[in-house]
Ligand SMILES: Nc1ncnc2c1ncn2[C@@H]1O[C@H](COP(=O)(O)OP(=O)(O)OP(=O)(O)O)[C@@H](O)[C@H]1O
Ligand SMILES: [Mg+2]
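Numbering (the numbering used here), first residue to last: 1 to 644.
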């Protein structure tokens with residue numbers, strides 16, 4: 001209490017005192033910091049070193065009000081800068097640690113400020129020991145990809161508990177849908193989330209896919225960067241070979257439990273049950289259990305894991321993800337049992353599988369120099385012409401000769417004999433030659449009809465529309481953009497629209513502002529279509545906007561696959577698709593406005609018709625029957641003039 005009541009002057013005096021005492025202590029404290037972790041050096045100031053290396057204890061709770069009061073006081077006194085200084089002081093107090101807490105308050109403070117002083121002054125004492133190339137060399141070693149992603153799990157979408165639950169579900173569901181489609185099976189997916197404790201959940205995803213052969217199960221679930229999709233340019237949800245093993249690693253990290261897999265590849269074959277962990281230092285699977293089990297399902301895979309997470313409803317929830325996944329996958333039957341609340345069941349809207357997306361070779365326009373060098377080194381083609389023809393899409397013998405000529409190279413030359421300077425000439429020649437766009441048939445959009453049907457089933461609105469653009473190309477990769485919207489009805493008015501983003505039929509929930517789809521929507525002028533839009537914002541309207549990009553390779557901004565990179569070609573297509581649905585919405589809104597205006601006019605005129613009848617009766621001396629007839633005729637004429 002005493003300190004809380006201190007005057008501004010008192011605070012200022014305290015700071016000066018602290019600084020001078022800190023000055024005296026500098027030498028000792030610097031040693032503490034510099035020799036941390038160095039055994040020899042630690043001897044010089046052993047006690048101090050161990051104190052410094054210990055984890056910073058949190059400031060005791062009672063410090064918080066003092067800190068706030070001091071900050072308020074300082075803000076009054078000297079504005080923001082002074083307040084920040086007090087906050088910094090308070091932070092330093094925390095550094096003092098448990099010992100300091102027990103000591104008299106002022107002394108603890110002095111210790112703490114002194115401890116941080118060298119960092120503030122930036123002065124380095126002469127005694128500091130530097131690393132040598134040799135000492136660094138002893139510490140340099142390979143980093144396993146699993147260790148890397150364990151430390152950087154935010155890159156994979158495991159940066160907060162709510163997102164972790166969503167990411168783990170998504171990785172398993174994506175794999176199930178991919179596997180079913182690849183095997184030509186209409187997917188039936190069951191997702192169940194059970195709450196084990198407030199912050200712990202048991203996740204189970206079951207599919208009716210082709211199953212996974214026993215020998216591959218450990219690596220698929222217990223090794224990062226292991227998968228079947230990375231080396232193929234084909235439209236699929238998975239690309240990287242990280243997804244499900246990363247989810248398993250997160251489960252292991254947060255609950256210590258292994259990922260559990262049951263898989264069966266067909267009737268007459270046994271089902272296998274595995275419990276797998278990842279040895280993160282080697283990025284290798286550790287199989288804890290491997291046995292045959294009885295499973296009533298003929299083929300398919302069940303993945304179960306216990307993870308730390310938070311279950312929430314509303315935007316960016318697992319619930320949202322499931323509803324949106326069902327919308328983007330009309331050929332899938334989806335069952336979902338959330339930890340609480342209503343279950344979700346959606347029968348497939350079509351029993352026709354999406355056309356099988358074909359794998360393509362890279363297109364020359366998208367190749368990078370380094371990739372071209374390694375392609376020519378590893379090619380099976382005997383001549384430059386043969387290599388270009390074999391390894392790229394849309395390169396005929398004629399096109400290969402044109403590229404060689406533009407590069408000043410002989411098409412008969414051996415690919416491996418080309419110098420790097422020659423490959424660079426070849427690389428620069430590629431854009432000069434006209435090459436057909438990659439085959440668009442490899443892209444399988446959802447289609448206007450099914451988007452429309454899905455929107456109608458999912459949202460209660462007044463107006464729906466959808467549009468699928470013709471295929472386009474970015475960096476040599478073909479892609480298709482589709483958009484759809486639902487407007488009015490029960491959708492919340494006066495709010496910023498809901499933007500539902502999808503890539504290869506997967507809903508994207510996070511990093512909305514970093515996504516090309518958002519950029520496309522923001523740079524579309526929705527006011528042209530009768531909507532309200534502030535500068536740099538999405539329009540405000542009762543509307544859900546659906547946008548899907550399908551491609552053989554979606555350029556995600558990170559491994560967590562949450563946002564699409566803004567290639568100009570992609571932005572252009574997005575805007576064209578949005579303009580198309582926007583125009584249709586605009587026409588609907590104009591029509592609705594005209595109807596409302598006509599209705600208003602009509603009711604206005606209607607109210608005058610009886611008076612006209614009375615006036616005509618008086619002026620022309622009509623009978624009551626004639627008056628009624630006139631009123632009837634006028635009403636009918638007005639009715640006929642109603643807009644359709
Ligand atoms: N339910 C499943 N049924 C059949 N095969 C599966 C299933 N789940 C995973 N796989 C196989 O395991 C591989 C690894 O899956 P993982 O999710 O780690 O990577 P991915 O799907 O290839 O790419 P991404 O990291 O982008 O998800 C897949 O490529 C697929 O071959
Ligand atoms: Mg995957």
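Think of the CB as a built atom: it goes at the ideal place given N, C-alpha and C, for glycine as much as any other residue.
C-beta contact flag for residue i and residue j at 7 Å
| i | j | result |
| --- | --- | --- |
| residue 262 | residue 251 | no |
| residue 674 | residue 192 | A query on residue 674 cannot be resolved here, the shown segment of the chain reaching from 1 to 644 and no further. |
| residue 477 | residue 553 | yes |
| residue 171 | residue 243 | yes |
| residue 241 | residue 225 | yes |
| residue 414 | residue 392 | no |
| residue 442 | residue 388 | no |
| residue 486 | residue 544 | yes |
| residue 562 | residue 508 | yes |
| residue 200 | residue 328 | no |
| residue 394 | residue 435 | yes |
| residue 448 | residue 468 | yes |
| residue 287 | residue 218 | yes |
| residue 140 | residue 280 | no |
| residue 203 | residue 246 | no |
| residue 211 | residue 301 | yes |
| residue 266 | residue 299 | yes |
| residue 462 | residue 489 | yes |
| residue 541 | residue 481 | no |
| residue 404 | residue 411 | yes |
| residue 520 | residue 574 | yes |
Buried versus exposed call for residue i [16 or more other C-beta atoms within 10 Å across all chains shown]
| i | result |
| --- | --- |
| residue 465 | buried |
| residue 591 | exposed |
| residue 274 | buried |
| residue 516 | buried |
| residue 593 | exposed |
| residue 608 | exposed |
| residue 213 | exposed |
| residue 163 | buried |
| residue 399 | buried |
| residue 132 | exposed |
| residue 221 | buried |
| residue 524 | buried |
| residue 470 | exposed |
| residue 223 | buried |
DSSP state of residue i mapped onto helix, strand, coil
| i | result |
| --- | --- |
| residue 129 | coil |
| residue 335 | strand |
| residue 206 | strand |
| residue 551 | strand |
| residue 480 | strand |
| residue 505 | coil |
| residue 221 | helix |
| residue 629 | helix |
| residue 197 | strand |
| residue 259 | strand |
| residue 188 | strand |
| residue 572 | helix |
| residue 498 | strand |
| residue 154 | helix |
| residue 624 | helix |
| residue 279 | strand |
| residue 249 | helix |
| residue 562 | coil |
| residue 513 | helix |
Backbone CA spacing between residue i and residue j [nearest angstrom]
| i | j | result |
| --- | --- | --- |
| residue 311 | residue 506 | 20 Å |
| residue 284 | residue 146 | 9 Å |
| residue 444 | residue 518 | 22 Å |
| residue 629 | residue 605 | 17 Å |
| residue 188 | residue 343 | 16 Å |
| residue 196 | residue 166 | 16 Å |
| residue 356 | residue 177 | 13 Å |
| residue 182 | residue 492 | 39 Å |
| residue 638 | residue 352 | 50 Å |
| residue 547 | residue 419 | 45 Å |
| residue 618 | residue 597 | 32 Å |
| residue 625 | residue 636 | 16 Å |
| residue 255 | residue 152 | 18 Å |
| residue 372 | residue 459 | 48 Å |
| residue 378 | residue 320 | 45 Å |
Residue i: CB within 6 Å of a non-hydrogen atom of ligand 3
| i | result |
| --- | --- |
| residue 174 | Looking at this structure, you won't find ligand 3 anywhere; what it does contain is ligand 1 and ligand 2. |
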